[in-house]
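Novice:
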Amino acid sequence: MTLLRANPSFQYTNSDDGLAFWSDYLGFQVIYDEGVGKLRVVRKDSVTILLETNKAYAKQLPPLLRIETDDAAALWAELSVKPEHSEYVHERFVAGPELRPWNAWEFAVQDKRACVVFQQWRV
Numbered sequence: 031m032t033l034l035r036a037n038p039s040f041q042y043t044n045s046d047d048g049l050a051f052w053s054d055y056l057g058f059q060v061i062y063d064e065g066v067g068k069l070r071v072v073r074k075d076s077v078t079i080l081l082e083t084n085k086a087y088a089k090q091l092p093p094l095l096r097i098e099t100d101d102a103a104a105l106w107a108e109l110s111v112k113p114e115h116s117e118y119v120h121e122r123f124v125a126g127p128e129l130r131p132w133n134a135w136e137f138a139v140q141d142k143r144a145c146v147v148f149q150q151w152r153v
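What follows is the structure, encoded as structure tokens:
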């Protein structure tokens, strides 16, 4: 048996709050929509994410998601030219991807409910 991917779920007090981050900024497409403030499912390439409305869960710390990429520098270049980039880029990575001690190039972006680390393993 092989595990192929994770399909995480992020809890918002209203799923509309996550659309600007996931759809507009990161480029995910809405593939399922229950309506304003309800469940949304977004997808980009082979990554699927659920944006749920759960006020109790949304009060907890933002979840962290790691997404592997084959070109962290190209993804950084794509995101860094967007006007909202400075709002979303994690303070540690304002200069761009870093080679981390575990041999992966990484950078992180976040909104109020989610922190996404993009990583490219160094061969």
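If you use this note's numbering, the sequence shown corresponds to residues 31 to 153, in order. Don't be surprised by glycine CBs; every beta carbon is placed ideally from N, CA and C.
With distances taken from CA atoms, which of D100, L94, N37 and T99 is nearest R70?
Specialist: Residue 70 sits at position 40 when you count from the first residue of the sequence shown. Nearest C-alpha to R70: N37.
Novice: Please name the residue, chosen from S76, W151 and K142, that lies closest to S45 on a Cα-to-Cα basis.
Specialist: Position 15 of the sequence shown, counted from the first residue, corresponds to residue 45. Looking at the Cα atoms, K142 is the closest of the given residues.
Novice: In whole angstroms, what separates the C-alpha of W151 from that of Q140?
Specialist: Your numbering for residue 151 matches position 121 in the sequence shown. Your numbering for residue 140 matches position 110 in the sequence shown. Whole-angstrom Cα-Cα distance: 21 Å.
Novice: Tell me which residues share the same chain as K68 and place their Cβ nearer than 8 Å to its Cβ, disregarding the 5 neighbours each side in the sequence.
Specialist: Taking the first residue of the sequence shown as 1, we reach residue 68 at position 38. Excluding sequence neighbours, K68 sits near S45 and T83.
Novice: I need the boundaries of the alpha helix (DSSP H) containing W106, first residue and last residue.
Specialist: Position 76 of the sequence shown holds residue 106. Here the alpha helix (DSSP H) through W106 covers A102 to S110.
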